[in-house]
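First the structure, in the form of structure tokens, and then the observations on it.
Here it is in structure tokens:
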């Protein structure tokens with residue numbers, strides 16, 4: 001989400017929501033929100049750090065690649081690079097971006113088993129996976145290999161979620177906990193070598209940005225449609241015009257885990 005701020009609140013409510021409801025939300029490119037929403041970025045710089053690891057890898061797998069935008073931007077890919085994706089529109093988009101770079105894109109249902117042999121990759125990466133199948137990641141990693149992932153943290157953007165859905169129970173707010181990720185990684189036989197969590201300010205500057213975001217990130221308000229939430233959208237539009245941007249907080253965590261060279265050993 002960009003910072004080249006443009007004021008869209010001089011446009012009518014209906015025009016803003018109609019525009020946001022009709023624009024394509026394929027892929028994982030949020031550039032449509034430039035000037036309409038802002039989001040602080042995690043300090044670790046996932047794309048840059050992932051690219052550095054790619055340059056040193058021999059065989060790499062990007063799980064749930066989305067539209068392939070992040071992987072396509074890596075300057076130096078390993079000799080063997082593969083990406084998986086489960087949503088058909090994203091499979092097509094990722095294929096168009098990644099095939100010219102020599103990356104094989106595999107249509108996968110995003111559930112076990114991964115369609116690869118044991119120990120096939122020395123690097124597995126994933127940016128914002130919906131689910132992390134730790135046992136499968138451990139299986140396809142070669143001894144000494146690394147899993148490197150940026151994930152959505154607990155109660156991310158829940159100010160917006162709860163505006164539409166009301167207060168959420170603790171088990172929902174506390175989901176995607178990095179501590180739980182550590183335990184699951186270790187239970188799968190991996191050693192967690194880095195784990196960091198950050199809370200980041202996010203601002204929605206007009207109601208069109210809210211509609212686009214909820215259409216794209218479909219698990220935030222499941223089944224979201226403009227028609228169903230029109231009254232809440234209208235009230236939020238008036239709030240933004242009167243009080244300024246709607247402020248929420250994104251949470252992200254970085255996790256890096258290594259497969260031991262031999263069972264029971266980490267080096």
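Residue numbers (full-length UniProt numbering): 1 to 267.
From the three backbone atoms N, C-alpha and C, an ideal C-beta is built for every residue, glycine too.
With DSSP as the reference, please indicate the residues paired to residue i in a beta bridge.
i           : result
residue 63  : Its beta-bridge partners do not exist; DSSP assigns none.
residue 149 : 126 and 255
residue 284 : The chain is shown from 1 up to 267; residue 284 falls before or after that span and cannot be answered.
residue 84  : 106
residue 38  : 203
residue 249 : 201
Which residues in the same chain as residue i place their Cβ atom closer than 7 Å to its Cβ, once the five residues preceding and following it in sequence are excluded?
i           : result
residue 164 : 221, 229 and 232
residue 43  : 198
residue 162 : 168
As a quick exercise: from the options, pick the residue whose alpha carbon is nearest that of residue i.
i           : options               : result
residue 201 : 26, 193, 191 and 159  : 159
residue 209 : 199, 194, 195 and 226 : 226
residue 78  : 51, 85, 84 and 109    : 51
residue 133 : 244, 74 and 112       : 112
Please return the same chain residues whose Cβ sits closer than 6 Å to the Cβ of residue i, not counting the five positions on each side in sequence.
i           : result
residue 126 : 63, 64 and 149
residue 116 : 140
residue 67  : 27, 28, 90, 93 and 94
residue 102 : none
I need the boundaries of the beta strand (DSSP E) containing residue i, first residue and last residue.
i           : result
residue 117 : Taken as a continuous stretch (DSSP letters only), residue 117 belongs to no beta strand (DSSP E), as it is neither H nor E.
Kindly list the residues whose CB is nearer than 8 Å to the CB of residue i, restricted to its own chain and excluding five residues on each side of it in sequence; keep chain order.
i           : result
residue 262 : 143
residue 223 : none
residue 211 : 16, 17, 20, 21, 226 and 233
residue 183 : none
residue 239 : 246
Just the C-alpha distance for residue i and residue j, rounded to the nearest angstrom, thanks.
i           : j           : result
residue 36  : residue 206 : 6 Å
residue 190 : residue 254 : 15 Å
residue 166 : residue 53  : 41 Å
residue 176 : residue 152 : 7 Å
residue 259 : residue 181 : 15 Å
residue 130 : residue 245 : 28 Å
Residue range of the alpha helix (DSSP H) that residue i falls in?
i           : result
residue 261 : Element bounds for residue 261: n/a, residue is neither H nor E.
residue 15  : 13-22
residue 135 : 134-140
residue 52  : 46-56
residue 161 : 158-165
residue 179 : 178-187
residue 239 : 230-243
residue 173 : 170-173
Using a Cβ cut-off of 8 Å (strictly closer), state whether residue i contacts chain C.
i          : result
residue 74 : Among the chains in the structure shown there is no chain C, since it carries only a single protein chain.
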